Each structure stands twice: as C-alpha cells, then as structure tokens.
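Quick notes on the structure that follows.
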Amino acid sequence: MLVLAAVFAVLQLANIAGRDTPDTKNYLSYALSLRGDGKREAAAVTIDYACAGRASIARRNQSVDVIRFRAPSPTRRVEESCRAAEWRGVEARLRAGQTGGHTVPFMPERFMRIFEVRPGYPAFLVPFLTVFGMKWGVWAAGVVITVAGGVLVYLILRTLSVPVPLALTGQALYYVLPCGTTAMRPMTEGLLLAATLVAVWGCALVLHAHRLRSGLALIGGSLLALFSVKHSQALFLGLCLAGAGAVLLARRRGGRGVGAIVAVGLAGALGTVLLARALRYPSESESLQDLLTGHFTRPDRTRPWREFLHLEFTFWVEWLRRQLWEPLFVAALAAGAWGALRRPVFGAFLVAAAGTGILTQAAHPDITIWGGRLIVLAWLLPVVGVPLLLERVARERVLLPAQGPPDRAHSLR
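Be aware that the sequence shown starts at 1, since it is given in UniProt numbering, and climbs by one per residue.
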C-alpha cells in the first residue's frame with residue numbers, strides 16, 4: 001500500500017504547475033487570508049501562481065507545436081499579459097468597495113459569496129502553503145489528499161475481507177482513473193472524494209466488521225467535513241445514504257446497522273439544510289442564477305427553473321451521446337455496479353455514495369466544466385466495485401479442480 005502511494009507521489013513530480021482551474025484562485029486567496037495575508041498581498045501571490053501555471057502550459061504546448069517549436073519561449077509574454085488582465089479586474093473591484101470576506105474579488109460579489117461558504121479546503125491548504133510556499137505547498141496538499149483517497153479505498157476493501165492483491169488493485173484504480181487526476185487539482189474535489197470514502201468505510205465497518213459506533217462516527221464526521229468543504233455534497237450524501245438504507249429496510253435486508261446508517265444520513269441532511277439557512281448560505285435559486293447567467297455577468301433569468309429543466313434534458317441527451325461514442329465511463333460504472341451488488345447490503349450504500357456524483361452533475365448541467373470533474377464521485381463505484389467483481393472471479397477459479405495433463409500410465413491402460 002505504501003509503495004503504491006510513494007510511486008504515485010513520485011509520478012506527480014512530472015507536473016508541478018498548470019493543474020489549476022479558474023476557481024483555484026478563489027480557494028488559494030481564501031487560504032492566504034486565513035493565514036493572515038491582506039487583500040493585495042493575497043492577490044499578488046495568487047495571481048503570480050495562476051499566471052505562472054498558464055505560462056508553463058503555454059511553453060509546453062509551444063515546445064511540441066510543429067510550426068512554432070523553434071520560436072522564442074512565450075513564458076514572459078504570457079505571464080505579463082495574464083498579470084495585467086487579472087490585476088485590472090481586481091483593482092477595479094477593490095476601488096468599487098468589494099473588500100469584504102476572505103477571498104480576493106476576482107469575480108462579482110454574488111459569485112464570490114459561493115466560495116466564502118466553503119472554508120474547508122482553504123483551511124486544509126494553510127499549513128502546506130505556510131511550510132512549503134505557494135507552488136510546492138499546493139502540489140504537496142494535492143499529493144497528500146490523493147494518496148489518502150487511495151489508502152481509504154484499500155482500507156474499505158480490506159474491511160470487506162477482500163484479499164490484499166485486490167485491495168491494492170482498488171487503490172491503484174483510484175490513482176490511475178479520473179479520481180486521481182481530479183483529486184490532484186487544487187480544487188475541492190480531492191477532499192470531497194476522500195470524505196465520501198470515509199463515509200463508505202464507515203458503512204463497511206458497520207455492516208461487515210460489526211463496529212457500530214466507529215462506523216457511525218466516521219459517517220457523521222464525513223458529513224460534517226463535507227459541510228465545511230461544500231455543503232451541497234453533505235446534503236446529497238446524507239440523502240443518498242438514507243435512501244439506500246430505506247430501500248434495504250423496505251426489502252427486509254440488513255438490520256440494526258442499516259437503520260442506524262439511515263438515521264445518521266437523515267440527521268446529516270436535515271442538519272445541513274437547517275445550518276445552511278441559519279448561516280444564510282446562498283440558496284439553490286442563487287446557484288441556479290449563477291449557472292444561467294454565466295456567473296452573474298448577465299441579468300437574472302425571470303423563469304430560471306423552466307430554463308434549467310430544458311437545459312437539464314438537453315445536457316443528458318448530449319452527455320449520453322458522448323458516452324456512447326467513448327463508452328469507458330459507462331462500462332466502468334456497469335462493472336462496478338455488478339461487483340458492488342455481489343455484496344447487496346454494502347453495495348447499495350456504495351452505489352448511493354457514487355450516485356452523489358450524478359446528482360452534482362445534474363445540479364450543474366454544463367458540458368464545458370473541466371472534463372467531468374463534477375461527476376468524478378461516480379468513479380468511486382468502479383474503483384471499489386471492480387475489485388469486488390474480480391474477487392468473485394478469483395475465488396471461482398480457486399474452487400475449480402486442477403486440470404493437469406492426463407496420467408500417462410492411465411492413458412495406456
């Protein structure tokens with residue numbers, strides 16, 4: 001397990017910069033603010049990091065461009081242009097009085113409010129940025145959280161008494177499938193994946209190790225952590241776990257443990273709703289306007305739900321068309337579900353946890369958002385389910401009688 005984690009960490013040295021997305025600046029400036037940096041100081045460090053990443057990508061792209069590979073390096077030009085553009089926007093908003101909150105005003109205030117209610121990931125970054133600096137601190141934080149996700153997969157499978165080689169297979173799948181790539185990005189998805197895996201591990205402890213208190217504590221702690229990272233994910237996971245457990249109870253599958261998981265899931269979902277309202281977090285209608293107005297760069301929609309439902313339908317039609325064109329994801333989900341349901345009770349909760357990825361994508365039906373990062377939680381189904389499927393195949397092969405060559409003396413007789 002440790003060797004796999006170390007190999008993964010070493011491989012990540014191939015790409016130190018250039019992993020960020022447009023939203024990364026918001027999380028990094030939040031973390032710097034928590035560390036005590038002022039607005040302009042946090043803006044300077046964050047902008048330098050983001051622009052260095054863009055320049056690195058531009059340089060690498062040019063180095064393999066068949067026409068421009070001999071041209072002078074674009075690094076300086078790209079960095080200067082990027083810094084000038086970013087500072088123009090930030091300075092204009094600071095002069096307009098957008099100085100509240102923890103984040104640097106890279107976008108309109110209504111949009112930045114969405115990030116203000118997500119302190120979990122910035123707080124996680126603070127010690128890494130303080131010890132290692134911006135560039136290496138962001139990289140190290142990504143490695144730690146991604147390695148932790150793979151280790152959690154290993155622990156889940158071992159709790160289910162899966163043989164060590166297959167548990168290591170699950171850990172490796174986490175690293176090589178989009179889970180690992182997405183978790184390494186300086187965004188919330190790495191923590192979302194890890195926290196969701198903690199909840200799945202809690203379910204495994206309750207159902208297979210008969211460790212009710214420890215398992216429920218992990219599930220409850222996971223939901224609390226998810227609330228700090230992205231509270232909608234805590235709501236989705238609580239509802240999905242409760243729903244899966246209710247179906248099992250209706251079919252008279254499981255017992256006290258299933259009922260306890262249902263209770264914790266419902267408590268987490270209800271607590272998320274009540275606490276979000278008490279803290280005046282942005283509502284679902286605000287998130288909807290953000291989606292339909294291009295991050296509040298256009299006037300609010302007068303009929304947002306009608307437009308959202310229309311977009312939802314067309315999104316999934318296009319999504320399915322693309323999946324049929326390149327069906328790896330759909331095939332992986334089918335294999336994972338097949339393996340998960342070999343353990344029907346635990347498998348129902350695994351499917352529920354992975355289903356939060358589908359719900360997250362459905363809440364943001366935007367086909368252009370960074371290569372499927374919103375749906376990445378659905379990849380947990382094949383990561384854990386495929387080793388369970390292989391376990392059955394391996395055991396069936398072991399149980400078959402040995403088929404060696406026929407005995408020569410017997411054949412002569």
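Note that beta-carbon positions come from the ideal geometry of N, C-alpha and C, so glycine has one too.
These figures come from a predicted structure and were not determined experimentally.
DSSP-derived helix/strand/coil call for residue i
i, result
"GLY230", "Correcting the residue identity first, residue 230 is Lys in this sequence and not Gly. LYS230: coil per DSSP, three-state reduction."
"LEU4", "helix"
"ALA276", "helix"
"ILE67", "coil"
"MET107", "coil"
"PRO119", "coil"
"GLN62", "helix"
"GLY38", "coil"
"ILE16", "coil"
"PRO127", "helix"
"ALA96", "coil"
"SER73", "coil"
"THR24", "helix"
"GLY137", "helix"
"GLY101", "coil"
"ALA394", "helix"
Contact with chain D by residue i, beta-carbon distance below 8 Å
i, result
"PHE124", "Among the chains of the structure shown, chain D does not appear; only one protein chain is present."
Residue from the options whose Cα sits closest to the Cα of residue i
i, options, result
"ARG284", "ALA55, THR103, ILE114 and ALA244", "The residue asked about is misnamed: residue 284 is Glu in this sequence, not Arg. Nearest C-alpha to GLU284: ILE114."
"residue 414", "ALA209, ALA242, HIS210 and HIS208", "Outside the displayed span of the chain (1 to 413) sits residue 414, for which this structure offers no information."
"ALA209", "THR169, SER161, PHE111 and LEU32", "SER161"
"ARG57", "ALA123, GLU86 and GLU79", "Residue identity check: residue 57 is Ile in the sequence provided, not Arg. Closest by alpha carbon: GLU79."
"GLY142", "ARG60, VAL151 and PHE128", "PHE128"
"LEU32", "THR360, ALA42, PRO304 and PRO108", "ALA42"
"ARG373", "ASP23, VAL3 and ALA6", "ASP23"
"LEU275", "THR368, VAL345 and LEU224", "LEU224"
"VAL7", "TYR30, GLY150, ILE375 and GLU307", "GLY150"
"GLN12", "THR181, ALA335, PRO72 and ALA353", "THR181"
"VAL345", "ARG252, LEU193 and ALA167", "ARG252"
"LEU191", "PRO382, ILE145 and TYR175", "ILE145"
"ALA199", "ARG211, GLY215 and LEU390", "GLY215"
"PRO282", "LEU309, PHE111 and ALA217", "PHE111"
"THR302", "GLN289, LEU197, THR314 and MET1", "GLN289"
"SER81", "GLN171, ILE47 and MET134", "ILE47"
Supposed contact pair residue j and residue i - C-beta distance, whole angstroms, cut 8 Å
i, j, result
"VAL247", "ALA348", "7 Å"
"residue 445", "LEU350", "An answer regarding residue 445 cannot be provided, because it is not within the stretch 1 to 413 covered by the chain."
"VAL104", "VAL90", "6 Å"
"LYS39", "LEU4", "Contact doesn't hold; Cβ gap of about 42 Å is too wide."
"MET187", "THR21", "6 Å"
"ALA378", "GLY357", "3 Å"
"LEU292", "GLU307", "6 Å"
Quick check for students: name the residue ranges of the alpha helix (DSSP H) that lie wholly in the stretch 200-274, counting only runs of 4 or more.
Complete alpha helix (DSSP H) runs here, min 4: 212-229 and 231-250.
What alpha helix (DSSP H) runs, 4 residues minimum, are completely inside the stretch 149-204?
You should have 164-176 and 178-183.
Could you give the uninterrupted runs of the beta strand (DSSP E) lying entirely in the stretch 357-388, keeping only those of 3 residues or more?
You should have found no qualifying run.
To test your reading of the DSSP string, which unbroken alpha helix (DSSP H) runs of 4 or more residues are found completely within the stretch 278-365?
List check, alpha helix (DSSP H) in window: 284-292, 304-325, 328-340 and 344-363.
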